[in-house]
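The structure under discussion appears below in the form of structure tokens.
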Amino acid sequence: EAGVAQSPRYKIIEKRQSVAFWCNPISGHATLYWYQQILGQGPKLLIQFQNNGVVDDSQLPKDRFSAERLKGVDSTLKIQPAKLEDSAVYLCASSTPGTGRNIQYFGAGTRLSVL
Amino acid sequence: GIQVEQSPPDLILQEGANSTLRCNFSDSVNNLQWFHQNPWGQLINLFYIPSGTKQNGRLSATTVATERYSLLYISSSQTTDSGVYFCAVEAGTGRRALTFGSGTRLQVQP
Chain A
-2 EAGVAQSPRY KIIEKRQSVA FWCNPISGHA TLYWYQQILG QGPKLLIQFQ NNGVVDDSQL
58 PKDRFSAERL KGVDSTLKIQ PAKLEDSAVY LCASSTPGTG RNIQYFGAGT RLSVL
Chain B
383 GIQVEQSPPD LILQEGANST LRCNFSDSVN NLQWFHQNPW GQLINLFYIP SGTKQNGRLS
443 ATTVATERYS LLYISSSQTT DSGVYFCAVE AGTGRRALTF GSGTRLQVQP
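Chains as they are written, first to last, in my numbering: chain A, -2 to 112; chain B, 383 to 492.
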């Protein structure tokens, strides 16, 4: 079974530029999450999708971050314009809570450096 | 929201030693997962353990939900066990996202 795929693995941009990350979840997983992990900390949720609907985006800085999950499969996370403090690893995860065991599986992440 | 505390924050072991990592959480949980984040940043699932005890090779975990803590045991540690170990919980509020602790950074020396 293929895991959660993310791209790109690394991205370096200058502040005020825009950037986009892509995630393809495990096949059949209805729930998709984007987490932000700042160096030295645990991941923190940015947004959660159930199929193509947003379940929780309370921690998403909506003035600069946006995310979508078209057709309930792939998802993109965008930052525009980027700030220095956005330097972090962006992790995508997916799960299938319908089984009663909401086990989340993570992709390898995209490491963003904002200069 | 729910609080997750992990201890110790840092741990240095000699190869072959055993260790116990602790995770305390502030409220009831539907889900608790232990992860190992390897030096390349990949989060690897170790255990899904909202309650009870599980074992997988040299690793085992115990969650006592009524007392709001979980323990991860690593026996006969190897250098490949190095990395950061995270405990993450899904609060019993219906919000399915995970809340992570700050992690335990483990370094196993040869």
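Heads up, the beta-carbon is just placed ideally off N, CA and C, and yes, glycines get one too.
Nothing here was measured: the structure is a model prediction, and the numbers come from that model.
Leaving out the 5 sequence neighbours to the left and right, which residues in its chain are closer than 8 Å to residue i when beta-carbon positions are compared?
| i | result |
| --- | --- |
| residue 400(B) | 455, 456, 457, 458, 459 |
| residue 449(B) | none |
Let me see if you follow: with CB-CB separation under 7 Å, is residue i close to chain A or not?
| i | result |
| --- | --- |
| residue 479(B) | yes |
| residue 502(B) | With chain B running from 383 to 492 in the structure shown, residue 502(B) is simply not present. |
| residue 474(B) | no |
| residue 408(B) | no |
Go through its chain and collect everything with a Cβ distance to residue i's Cβ below 7 Å, but skip five positions before and after it.
| i | result |
| --- | --- |
| residue 106(A) | 3, 86, 87, 88 |
| residue 481(B) | 383, 384, 386, 470, 471, 473 |
| residue 32(A) | 40, 41, 42, 43, 88, 90 |
| residue 77(A) | 15, 61 |
Using 7 Å as the limit for Cβ to Cβ distance, is residue i near chain B?
| i | result |
| --- | --- |
| residue 62(A) | no |
| residue 69(A) | no |
| residue 7(A) | no |
| residue 86(A) | yes |
| residue 113(A) | Residue 113(A) lies beyond the residue range present for chain A, which begins at -2 and ends at 112; the question has no answer from this structure. |
| residue 40(A) | yes |
| residue 105(A) | yes |
| residue 45(A) | yes |
Terminal residues of the continuous beta strand (DSSP E) containing residue i?
| i | result |
| --- | --- |
| residue 55(A) | Here residue 55(A) belongs to no beta strand (DSSP E), and DSSP marks it neither H nor E. |
| residue 488(B) | 486 to 491 |
| residue 422(B) | Where residue 422(B) is concerned, there is no enclosing beta strand (DSSP E), given that its DSSP letter is neither H nor E. |
| residue 404(B) | 401 to 407 |
| residue 17(A) | 16 to 21 |
| residue 4(A) | 2 to 4 |
| residue 88(A) | 85 to 92 |
Counting only the same chain and skipping the five closest in sequence on each side, list residues whose C-beta sits under 6 Å from that of residue i.
| i | result |
| --- | --- |
| residue 451(B) | 406 |
| residue 425(B) | 417, 419 |
| residue 492(B) | 397, 461 |
| residue 408(B) | 384, 385 |
Label residue i either buried or exposed according to how many other C-beta atoms from any shown protein chain fall within 10 Å of its C-beta, with 16 as the threshold for buried.
| i | result |
| --- | --- |
| residue 111(A) | buried |
| residue 437(B) | exposed |
Could you name the residues of chain D that residue i contacts, counting a contact when the two beta carbons are closer than 8 Å?
| i | result |
| --- | --- |
| residue 28(A) | No chain D appears in this structure, whose protein chains are A and B. |
Report the start-end ranges of each beta strand (DSSP E) in the region 429 to 485 of chain B that is 3 residues or longer and not cut off at the edges.
The region 429 to 485 of chain B is shown to contain whole beta strand (DSSP E) runs of 3 or more residues at 434 to 438, 441 to 446, 451 to 456, 465 to 473, in chain order.
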